[in-house]
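Chains W and H, in that order, give the protein sequences. Under this note's numbering, the letters of the first sequence match residues 77 to 529, in that order. Under this note's numbering, the letters of the second sequence match residues 848 to 1282, in that order. Every residue, glycine too, gets a C-beta built ideally from N, C-alpha and C. Below is one structure, written out as structure tokens; the observations come after it.
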Amino acid sequence: MSAGSAVSAVPALGPDRKLVLPKAVERKLTNGLTVIAIRRASVPLVELRLRVPLSTVRLSEPFVAKTTLLSQTLFSGTPKMSIMDIAAELQTVGGALHAGADPDRLLVSGNALASGLDRILAILAEVLTEASYPGEEVDTERERLVDRIQVARTQPAHLARVALLKRVYGTHPYALQTPAPKQLRTVNSRALRTLHGERLHPAGATLVIVGDVPPNKVLDAAEAALSTWDGGGKDVKLPATPPLKPGPIGLVDRPDSIQSSLRIALPAVPRTHPDHAALQLANLVFGGYFSSRWVGNIREDKGYTYGPHSYVEHSAAGSLLVATAEVATEVTAPALLETRYELGRMATTPPRESELEHARQYALGTLQLGMATQSGLAGLASTYAGFGLRLDYLVQHAARLAAVTRDDLADAAAKYLAPAEAVTVVLGDAKQVESSLASLMPVEHVTLPADES
Amino acid sequence: MPRTPRIPATTYPVERFTLANGLRVVLTPDRSAPVIGVAVVYDVGIRSEPEGRTGFAHLFEHLMFQGSENLEKLAHFRYVQGAGGTFNGSTHLDYTDYFETMPANALERALFLEADRMRGPRLTEDNLRNQVDVVKEEIRVNVLNRPYGGFPWLKLPPVMFDSFANAHDGYGSFVDLESATVAEAADFFRHYYAAGNAVLAVAGDLDVDTAARYVEEHFSSVPDRPAPRRPSFAEPDLATERRTTYTDRLAPLPAVAAAWRVPDPVADFAAYLPYVVLAEVLTDGDASRLVQRLVLRDRTVTSLGGYVGFMGEPFAVRDPTALVLQAHLPPAGDVDKVLRTIDEEAERIAADGLAPGELARTQARMATHALRDTDAVLGRALQMAVVEQQRGDASLLNELPRLLGEVTEAQVLAAAEQLRPARRASIEVIPGGVQ
């Protein structure tokens, strides 16, 4: 292998270790809940991830407000337990549970001492079947959430994300992922109880438990605790995401900003698509890891930025490649120029053999690293389950990564990384950056909704 | 309430030895996954920066990635990532770490890479200027271009401390960063980056004899330079309250952070531990004292954090340090009222004691946190390296959950009694942004 100059002193790698999957068992309960238990006994803990589908078919501000507030108040009380009781009982077994919502799902995450598995499951079950969303706690959480959103709206990364989602997704439900305060203020505890009753069902949900407990015991414990969780509920099928519409640079003005936030979206494919492995490697070579061309160019050569990064994000209704960089205001246009140059070079010239090999080894190695902790395993298994996949997908994916050729990578880059297909958003001080950006590409001003800025 | 479970412990095996050049080595095998974590920790951090060179320790950390004796710029990244690994480094108050997580078949390579830069980084004018630019962008993205940047870790120490070492901004001023020279970097390396001033820790899928042989092979030729004497950074405790404010032009809402000095984390470990527990009694989760009172009951605060050490790492900091509480307030929130309520709750703990089960459940949760932090081989290697460096025995990491669990209610009460306003340094963020 060569890296920079060939150096004979650098030790060769030992023989590759085959990807070994941990022992996993699975059971579908009669109420429709799928439970996956995975043994990893490294520390005497358990990690839990419960994923409940929670999407909407139409762009709906009230729905986003409700799901967001529901996720923040799910653990705020039941007829038998107060918010304090729930937190204290969980702590007693070294545990905690939190929930979060995105356009695809509600995700409950938590962990506890392994000896506390039954207790944390019992509390989870009680909350899933009897959460009461007490008015006082809902009021408190609503105001906390409004404050947090107000703070988020002063953060350039958040604002750039809001603008990019709007431009990429248009009228698709994914276009809006943060509720507006005025929408939140319309949500009360009755609305949350209704939403919970309608949508928090075991059908289509997956509970992943990883830890230092025999997997069959975990399945039994989960079944004992959760089989009374109500079945039924309907499966919501999201419309596919719209194709990208490249166009002028969308410029969001942030007066006096001392950096500009560059966001570029490109097409991508789901994990099961035949191009996925080659696209993953093409993304790595472009900007997906530190050893990439983009990082080498705009950080290590030019010093325009600290942490440029590109990644593929997978959602239920579609996948997207996103490149992000925060660059000094005075080099905004030059940084975009270099970015488009690197994308164009990816799309039109094949990678070097060493670039392919480094990316391939990185992709294979990070599979191993991702499975090496309880929380990493739990996150992977839960995410894959959300897409109908199991951990054995990793073995198939490793084989596909191993088979990608330079031609495959070049083809994927031409298909997915072409700058002509890019949707571009820049958030920065328009009076300082607009004229130089306009010398590269047409620029169009984008205003975030009044309530969004 | 169910009985609190017994607090479990880890039993990571620990092999320790020292090379002739003074490098201390910790090996901790674990064959449960085919990965390794490699950490090299140097006993120099933000507090050791010379006056007029704020941010130098961090800038120098960047320079350690710019090539070394055998490697050109960018080669380090490619050798690590091209073998399936990830890497980084970070600069703390009392130490600087460099680390990789790799598939286990890259063990020898990782050791070679760390040994190569321990012999010397390639310090060039081009690399220095490039990394000054990169660090300036890092500061812009993390501090200057966002609300609450550097709050409270960069903003509160200058209120609490008087000496340059303890009070200055560890990210550095642009003037100081731009004034840095290659010669100064070379001096800094010669002085602080001696093998005898470093600890190497390797955790994960390794055979101890093989790993020890690789360590010997690659590191024993690193020159033997004397480790510098570490100065005392001690300062007296506050005798009267210190309070200050600043306007954050981007912040939409008020915030406050307060800190109280705690006993020496190393020399007075037994007296220090109760403060680590107290911070969690006050702030860990919805059942904690201050979340109950300030967030859920009074609604005078919307989010709250509490920890020991300005960087939130109680077992990776030396004296002097502090217990820190930080709170974000709702619009037009009253900081004085929040501080008064904190005083009141501390007094209440000191006077009335804890509720039944309150201490035990907090300790159980702390055990989960401590165990979880060691599950990743890299986290384990990093913590063992720092514990070895600061406390002389990496195997103490196995004892932490138990030691935290042995802190008594009387000790927590005594710690709470010390959170008096007269010993407090606090800083208020005045929102200057659009409200």
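Own chain residues within Cβ distance below 8 Å of residue 168 (chain W), not counting five before or after
Here residue 168 (chain W) is taken as the residue at index 92 of the first sequence, counted from 1. Cβ within range, chain order: 192, 195.
Practice item. Count the other C-beta atoms from every protein chain shown that fall within 10 angstroms of the C-beta of residue 983 (chain H), then say buried if there are 16 or more, exposed otherwise. Key: Residue numbering aside, residue 983 (chain H) sits at position 136 when the second sequence is read from its first letter. So residue 983 (chain H) counts as buried.
Check your understanding: With a cut-off of 8 Å, does the C-beta of residue 1150 (chain H) fall near any C-beta of chain W?
Key -> Position 303 of the second sequence, counted from the start, is the residue given in the question as residue 1150 (chain H). It does; some Cβ of chain W falls within 8 Å.
Self-check item: CA-to-CA distance, residue 394 (chain W) to residue 345 (chain W), given in whole angstroms
Solution: Mapped onto the first sequence, residue 345 (chain W) falls at position 269. Mapped onto the first sequence, residue 394 (chain W) falls at position 318. When rounded, the distance between both Cα atoms is 7 Å.
Would you verify that the beta carbon of residue 434 (chain W) is, or is not, closer than 8 Å to some beta carbon of chain H?
Indexing the first sequence from 1 puts residue 434 (chain W) at position 358. It does: the Cβ of residue 434 (chain W) has a partner Cβ on chain H nearer than 8 Å.
(Q) 8 Å is my cut-off, CB to CB: does residue 928 (chain H) come that close to chain W? (A) Numbered from its first residue, the second sequence carries residue 928 (chain H) at position 81. It does; some Cβ of chain W falls within 8 Å.
From what residue to what residue does the alpha helix (DSSP H) around residue 1256 (chain H) run? Taking the second sequence and counting its residues from 1, the one referred to as residue 1256 (chain H) is at position 409. Counting along the chain, the alpha helix (DSSP H) containing residue 1256 (chain H) begins and ends at 1256-1264.
- request: Ignore the nearest five residues each way along the sequence and tell me which others in residue 529 (chain W)'s own chain have a CB closer than 6 Å to its CB.
  value: As a first step, residue 529 (chain W) must be located in the first sequence, where it is residue number 453. Residue confidence is low: residue 529 (chain W) scores 39 on pLDDT, short of 50, so the model does not pin down where it sits. Its coordinate-derived value is still stated next. Same-chain partners within the cutoff: there are none.
message: Would residue 896 (chain H) and residue 886 (chain H) be called neighbours here (beta carbons separated by less than 8 Å)?
response: Taking the first residue of the second sequence as position 1, residue 896 (chain H) is located at position 49. Taking the first residue of the second sequence as position 1, residue 886 (chain H) is located at position 39. Not in contact: residue 896 (chain H) and residue 886 (chain H) (Cβ atoms no closer than 8 Å).
Task: Presumed contact (8 Å Cβ cut-off) between residue 205 (chain W) and residue 325 (chain W), rounded CB distance - done: One-based indexing of the first sequence puts residue 205 (chain W) at position 129. One-based indexing of the first sequence puts residue 325 (chain W) at position 249. Actually they do not touch by this definition, with Cβ atoms about 50 Å apart.
Listing by chain order, which chain W residues have their CB less than 7 Å from the CB of residue 1100 (chain H)?
Taking the second sequence and counting its residues from 1, one reaches residue 1100 (chain H) at position 253. Going along chain W in sequence order, the residues near residue 1100 (chain H) (Cβ under 7 Å) are 223, 226, 227.
| task | Identify which residue in W:278, W:354, W:275, W:311 has its Cα closest to the Cα of residue 480 (chain W). | result | Position 404 of the first sequence, counted from the first residue, corresponds to residue 480 (chain W). That would be W:354, whose Cα lies nearest to the Cα of residue 480 (chain W).
**OP:** Could you list which residues in chain H have their beta carbon closer than 7 Å to that of residue 362 (chain W), in chain order?
**Re:** What you label residue 362 (chain W) is simply residue 286 of the first sequence in a count that begins at 1. Neighbours of residue 362 (chain W) on chain H: none; closest Cβ ~14 Å, over 7 Å.
Quick one: is residue 1027 (chain H) near chain W, going by C-beta distance under 8 Å?
-> Within the second sequence, numbered from 1, the residue matching residue 1027 (chain H) stands at position 180. It does not: the Cβ of residue 1027 (chain H) has no partner Cβ on chain W nearer than 8 Å.
request  = With 8 Å as the limit, tell me which residues of the region 871-884 of chain H have their beta carbon closer than that to any beta carbon of chain C; keep them in chain order.
outcome  = In the displayed structure, chain C is absent; the protein chains listed are W and H.
Inset, instruction - Tell me whether residue 904 (chain H) counts as near the ligand NAP, meaning its Cβ is closer than 7 Å to at least one heavy atom of that ligand. - result: The ligand NAP is absent from the structure shown, which contains no ligands of any kind.
message: Tell me which residue opens and which closes the alpha helix (DSSP H) that residue 438 (chain W) is part of.
response: Sequence index remark: in the first sequence, residue 438 (chain W) carries index 362 (1-based). 429-446 is the extent of the alpha helix (DSSP H) around residue 438 (chain W).
So, at 8 Å on beta carbons, what are the nonlocal neighbours of residue 1080 (chain H) in its own chain, with the 5 sequence-adjacent residues on each side left out? Along the second sequence, one-based indexing puts residue 1080 (chain H) at 233. Counting only Cβ-Cβ distances below 8 Å, and skipping sequence neighbours, we find 894, 1010, 1012, 1013, 1165, 1166, 1167.
Please tell me whether residue 1215 (chain H) and residue 1176 (chain H) are closer than 8 Å, where the distance is taken between their beta carbons.
As a first step, residue 1215 (chain H) is located in the second sequence; it is residue number 368 there, counting from the start. As a first step, residue 1176 (chain H) is located in the second sequence; it is residue number 329 there, counting from the start. Their beta carbons are not under 8 Å apart, which means residue 1215 (chain H) does not touch residue 1176 (chain H) by this criterion.
Q | Beta-carbon proximity list for residue 352 (chain W), same chain, < 6 Å, skipping 5 on both sides | A | Position 276 of the first sequence, counted from the start, is the residue given in the question as residue 352 (chain W). The answer, listed in chain order, is 345.
* Asked: Cβ of residue 933 (chain H) less than 8 Å from any chain W Cβ?
  -> Looking up residue 933 (chain H) in the second sequence gives position 86. By this cut-off, residue 933 (chain H) is an interface position.
Checklist entry - Considering only the beta carbon of each residue, do residue 1004 (chain H) and residue 1157 (chain H) sit closer than 8 Å? => result Taking the second sequence and counting its residues from 1, the one referred to as residue 1004 (chain H) is at position 157. Taking the second sequence and counting its residues from 1, the one referred to as residue 1157 (chain H) is at position 310. Yes, the Cβ-Cβ distance between residue 1004 (chain H) and residue 1157 (chain H) is below 8 Å.
- Query: Using a Cβ cut-off of 9 Å, which residues of the region 1121-1142 of chain H contact any Cβ in chain W, in chain order?
  - Reply: 1131, 1132, 1133, 1134, 1135, 1138, 1139, 1142
- Are the region 462-473 of chain W and the region 94-105 of chain W touching by the rule of at least three beta carbon pairs closer than 8 Å? yes
query: If we call anything under 8 Å between Cβ atoms a contact, is residue 993 (chain H) one with residue 1100 (chain H)?
result: The count along the second sequence starts at 1 and reaches residue 993 (chain H) at position 146. The count along the second sequence starts at 1 and reaches residue 1100 (chain H) at position 253. No; because the gap between Cβ atoms is not below 8 Å, this pair is not in contact.
| message | Cutting at 6 Å between CB atoms, please list the residues of its own chain near residue 1244 (chain H), excluding the five before and the five after it. | response | As a position in the second sequence, residue 1244 (chain H) is number 397, starting the count at 1. Here the set comprises 1230, 1231, 1234.
Could you tell me whether the Cβ of residue 848 (chain H) comes closer than 8 Å to any Cβ of chain W?
-> Your numbering for residue 848 (chain H) matches position 1 in the second sequence. Summary for residue 848 (chain H): the model assigns pLDDT 46, below 50, so the residue's position carries little reliability; its value from the coordinates is reported in the next sentence. It does; some Cβ of chain W falls within 8 Å.
ask   = Residues of chain W with CB under 7 Å from residue 1204 (chain H), in chain order?
value = Within the second sequence, numbered from 1, the residue matching residue 1204 (chain H) stands at position 357. In chain order: 168.
Practice prompt. Select from the region 302-334 of chain W all residues with a C-beta closer than 7 Å to any C-beta belonging to chain H, and list them in chain order.
Written response: 333, 334
Run of the beta strand (DSSP E) containing residue 1150 (chain H), from where it starts to where it stops:
Start at 1 with the first residue of the second sequence, and residue 1150 (chain H) comes out as number 303. That run of the beta strand (DSSP E) goes 1150-1155.
Own chain residues within Cβ distance below 6 Å of residue 908 (chain H), not counting five before or after: As a working mapping, residue 908 (chain H) is identified with position 61 in the second sequence. Cβ neighbours of residue 908 (chain H) beyond the five flanking positions: 936, 938, 943.
query = Of all the options W:384, W:289, W:126, which has the alpha carbon lying nearest to the alpha carbon of residue 184 (chain W)?
reply = For the purposes of this step, residue 184 (chain W) is identified with residue 108 of the first sequence, where counting begins at 1. Out of W:384, W:289, W:126, W:126 has the C-alpha closest to the C-alpha of residue 184 (chain W).
*Could you work out which residue in H:872, H:1208, H:1061, H:884 is closest to residue 88 (chain W) when comparing CA atoms only?*
For this step, residue 88 (chain W) is matched to residue 12 along the first sequence. Closest option to residue 88 (chain W), Cα to Cα, is H:1061.
Going by alpha carbons, who is nearest to residue 303 (chain W) out of W:116, W:266, W:201, W:440? In the first sequence, residue 303 (chain W) corresponds to position 227, counting from 1. The residue with the shortest Cα to Cα distance from residue 303 (chain W) is W:201.
Report the neighbours of residue 1089 (chain H) on chain W: residues whose CB is nearer than 7 Å to its CB, in chain order.
-> As a position in the second sequence, residue 1089 (chain H) is number 242, starting the count at 1. By Cβ distance, chain W contributes nothing, its closest Cβ being about 27 Å from residue 1089 (chain H), past 7 Å.
In angstroms with no decimal places, state the Cα-to-Cα distance between residue 141 (chain W) and residue 255 (chain W).
-> Stepping through the first sequence from its first residue, residue 141 (chain W) is reached at position 65. Stepping through the first sequence from its first residue, residue 255 (chain W) is reached at position 179. Cα-Cα distance, rounded: 5 Å.
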